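Chains as they are written, first to last, in my numbering: chain A, -9 to 309; chain B, 7 to 476.
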């Protein structure tokens, strides 16, 4: 039996999703026979963690603060082992711009993009370069905040006139935004489970098939009935293998550990293009990682047990 | 019991199986019950450090705790068994008498058996839909309308048609055109939902001529109106206007009305926590509403109805309303002054004579749901306008509440919101500087802009402020 602190909630906009993930993880850990303390992460976080006197922290936080290395760094400081990726990997993954640079430098496919900070628009006149950017990337563009893991703040720009309002929206969520070439294709999520490096296992691929026009809709991702998820996705073997290969390479490259979810678009030419890597994907009833694990014959409790077990081996690597 | 036995008894539910298992079971109408970005964001507004101008809450901290204690003690001493028991579906007689008295104070004639007690005003809306709406039926409401009513209409699969407002409330010409159009399609709306006084969310009050016309239209076309009147006693300036109910049923009239269903609530004049509201309706309609209530909850809480009866018996209910009115008036003034000082000229807002809300309209290029995410970084919150519509409008509007924050909090909250809007306006200017901007000459959204449905310029607020001593 292990004494586990489940970190959930927090201040991010994905608080609600995190509370649901956290509750499910707590239930699973209890079923597995562990002693569990749920901590809604706030200003008294370290005090509560100390009070709980746990052996390991299970991080079920999503979004900035929980998924970007902040909480991980604190846990390193107090010497508490934790689940999932380490500080550097979290920081790289949660900043889509850093992640995309790393992917491109390593020759992994990701849609072409341009990123700007609010400062660039405000003080350096980056708005004047929009025309060149639009020419390079072509419409439609996807405009997104650099740091949100969910679909919050993501807008389509179908033409020049849509760009300024889309930038304003994205800048509401983060000071850094990217304009990304829109790749038409099938939306795939490749979940990965395992230690850092090349020893990890890619789980069956989930395809998100939007119903109607709810394409990049935040609500649709968490709502039963708005998006249909196919798992395993109906892909021919070569395509599935290629998607797995690319996802595993991204996982290793960015330094992920424990688990992660690689979101990609399978372009119409059959080329998988990585959109983002989520170091702490959702663990709710409609989340994709648990579905993928289930399709691989790993039920939710087994999944949580495996993630916890990996935390023990990782803590050695962190130190 | 071994742990393996335990596992067998409580098998873990895999996500994929959960989805498949339940999806086939859900009623079709749940497809219209949507979660939203807004709901997820609103969860974050509950953080203690956030100044929330988002709620619609009265300030219950003004209620005298000693009075509360003595009323509850009296109930315990005299009526424990009855207060803990089921009650009649139509509500306790003593409470219905209080309601008759309350309505009489606003010139409304009503008999005890013309009304039923409901579990808050929200249940009143739900019961009316339950009695009247088949899937696909049309309900007419103001644009914007009470955000809490939209999910109710949706859950009964009503088609919501929203009529724009100006400073005098629902534009009756547009209503008539809409009714004509619907009639041409062979469709008759089941009812017209309106909050004529200090409307939620717009803060607008329907003028007397429009009230008369609306009642006339209902009579001529034989349409039901659901008049929702939670706020009228919270008036901070100007003279009271007759309710639609009192226009339809004048003094001395022996018959109840034919077309106005009226709903009131204790929520804003006493307490929302007690969940006591009421419905007045033509008798045949009332009979159906009552049957609906039987299936919903049999009866509203006896305990809180005993509290209401004790409260009305203990003293003059007007006194507490006077206390709240003075407090909210100060808060409203603080908000209007702060808006005039802090919001850029591109913003417009309404000037409520009462109630709890101000409605702010921003330039078309600002999406207030995204803006809320930005505002939460500054620890301030509001209600994005999209929730007050079922037709995609309202994305550049917001509702601000002034009843549940102190004047200092209101000033600071509006300052933060103003700063963010000014930043976004400036940034938009930079982003569009290179484009030819024919729109730049008039930064105010055109009257036809879809989001700008409540047209009431900020000039009123400014002139009001200018007329006050510095």
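Even glycine gets a Cβ: it sits at the ideal position worked out from N, Cα and C. If you're wondering where the values come from, they're calculated on a predicted model, not measured in any experiment.
- Which of helix, strand or coil DSSP assigns to residue 443/B: Its pLDDT being 46, under 50, residue 443/B is placed unreliably in this model, and the coordinates cannot settle the point.
- Task: Return the Cβ separation of residue 62/B and residue 407/B in integer angstroms, given the expectation that the two are a contact with Cβ distance under 8 Å.
- Result: Sure, about 6 Å apart at Cβ, within 8 Å.
- Query: Using the C-alpha atoms, what's the distance from residue 274/A back to residue 63/A?
  - Reply: For residue 63/A and residue 274/A, the distance between alpha carbons rounds to 25 Å.
- Can you tell me whether DSSP reads residue 330/B as helix, strand or coil? In the structure shown, residue 330/B sits in a helix (DSSP, three-state: H, G or I).
- Message: Using DSSP's beta-bridge definition, name the partner residues of residue 405/B.
- Response: DSSP output for residue 405/B lists 365/B and 389/B as bridge partner(s).
- Message: Taking beta-carbon pairs under 9 Å, can you tell me which members of the segment 241 to 257 of chain B lie near chain A?
- Response: Residues passing the 9 Å Cβ filter: none.
- Task: Could you check what DSSP says for residue 199/B in three-state terms: helix, strand or coil?
- Result: Looking at residue 199/B - three-state DSSP - the assignment turns out to be strand.
- Compare the beta carbon distance of residue 115/B and residue 255/B with 8 Å and say whether it is the shorter of the two. The Cβ atoms of residue 115/B and residue 255/B sit closer than 8 Å to each other.
- Out of 137/B, 234/B, 249/B and 182/B, which has the shortest C-alpha to C-alpha gap to residue 196/B? Comparing Cα-Cα distances from residue 196/B to each of 137/B, 234/B, 249/B and 182/B, the minimum goes to 137/B.
- Consider the C-beta atom of residue 120/B and the heavy atoms of the ligand FMN; say whether any pair is separated by less than 7 Å. Of the ligands one can find in the structure shown there are none, so the ligand FMN has no counterpart to examine.
- Task: Give the range of the beta strand (DSSP E) segment to which residue 80/B is assigned.
- Result: Per DSSP, residue 80/B is not a residue of any beta strand (DSSP E); the alpha helix (DSSP H) it occupies stretches across 71 to 89.
- Task: Between the Cα of residue 352/B and those of 72/B, 334/B, 418/B and 435/B, spot the shortest distance and give me the residue it belongs to.
- Result: Of the candidates 72/B, 334/B, 418/B and 435/B, the one whose C-alpha sits nearest the C-alpha of residue 352/B is 435/B.
- Backbone CA spacing between residue 14/A and residue 280/A [nearest angstrom]: Straight through space, the alpha carbons of residue 280/A and residue 14/A are spaced by roughly 11 Å.
- Task: Could you tell me the boundaries of the beta strand (DSSP E) in which residue 126/A lies?
- Result: Where residue 126/A is concerned, there is no enclosing beta strand (DSSP E), although the alpha helix (DSSP H) it sits in stretches over 120 to 127.
- With 16 other Cβ atoms within 10 Å as the buried cut-off, status of residue 274/B: Classification for residue 274/B: buried.
- Output yes or no for whether 8 Å exceeds the beta carbon distance between residue 49/B and residue 1/A. No, the pair does not count as a contact, with Cβ atoms beyond the cut-off.
- Query: In terms of DSSP beta bridges, what is residue 25/A paired with?
  - Reply: Bridge partners of residue 25/A: -7/A.
- Message: Strictly below 8 Å CB to CB, what residues from chain B border residue 111/A?
- Response: Going along chain B in sequence order, the residues near residue 111/A (Cβ under 8 Å) are 433, 436 and 437.
- Message: Taking CB distances under 8 Å as the criterion, tell me whether residue 250/A reaches chain B.
- Response: Residue 250/A has a beta carbon lying at 8 Å or more from every beta carbon in chain B.
- Query: Is the CB of residue 4/B under 8 Å away from at least one CB in chain A?
  - Reply: No answer is possible for residue 4/B: the residues shown for chain B start at 7 and end at 476.
- Query: How is the alpha helix (DSSP H) around residue 296/B delimited, first residue to last?
  - Reply: That run of the alpha helix (DSSP H) goes 289 to 303.
- Message: Quick check on the burial criterion: 16 or more other C-beta atoms within 10 angstroms. Buried or exposed for residue 164/A?
- Response: Taking all protein chains shown into account, residue 164/A has 16 or more neighbouring C-beta atoms within 10 Å of its C-beta and is therefore buried.
- Message: Under 8 Å, Cβ to Cβ, is there at least one residue of chain B near residue 154/A?
- Response: Chain B, which has a Cβ nearer than 8 Å to the Cβ of residue 154/A, makes this yes.
- Item | Per-residue DSSP class, three states only, for residue 395/B | For residue 395/B, the secondary structure class from DSSP, reduced to helix, strand or coil, is coil.
- Query: Going by other Cβ atoms of all chains shown within 10 Å of its Cβ, with 16 needed for buried, is residue 92/B buried or exposed?
  - Reply: Residue 92/B comes out exposed.
- Message: Short of 6 Å in beta carbon distance, which residues of its chain neighbour residue 27/A, apart from the five on each side in sequence? Order them along the chain.
- Response: -5 and 42.
- Can we say the segment 286 to 301 of chain A touches the segment 95 to 103 of chain A, given the rule of at least three CB pairs closer than 8 Å? No, the segment 286 to 301 of chain A does not touch the segment 95 to 103 of chain A.
- Residue nearest to residue 347/B in terms of C-alpha spacing, selected from 425/B, 166/B, 80/B and 133/B: Of the candidates 425/B, 166/B, 80/B and 133/B, the one whose C-alpha sits nearest the C-alpha of residue 347/B is 425/B.
- Please state if the CB of residue 156/A and the CB of residue 174/A are separated by a distance shorter than 8 Å. When the beta-carbon positions are compared, residue 174/A and residue 156/A stay at least 8 Å from each other.
- Where does residue -7/A land, buried or exposed, given buried means 16+ other C-beta within 10 angstroms? Classification of residue -7/A: exposed, given that the 10 Å Cβ count is below 16.
- Near residue 3/A, what residues of its chain come up, given a Cβ to Cβ distance below 7 Å and the 5 sequence neighbours on each side ignored? Closer than 7 Å at the Cβ level, and outside the excluded window around residue 3/A, lie 53 and 142.
- Message: When you compare the CB of residue 143/A with every CB in chain B, is at least one pair closer than 8 Å?
- Response: Using a Cβ-Cβ cut-off of 8 Å, residue 143/A counts as an interface residue toward chain B, since at least one Cβ of chain B sits closer than that to its own.
- Task: Helix, strand or coil for residue 122/B, going by three-state DSSP, please let me know.
- Result: Correct three-state label for residue 122/B: strand.
- Message: With a threshold of 8 Å between beta-carbons, can residue 430/B be considered close to chain A, or not?
- Response: Closer than 8 Å to some Cβ of chain A, the Cβ of residue 430/B qualifies, so yes.
- 7 Å Cβ cut-off: residues of chain B touching residue 117/A: Within chain B, the residues near residue 117/A are 436, 437, 439 and 440.
- Hey, is residue 5/A's beta-carbon within less than 8 Å of any beta-carbon in chain B? Chain B, which has a Cβ nearer than 8 Å to the Cβ of residue 5/A, makes this yes.
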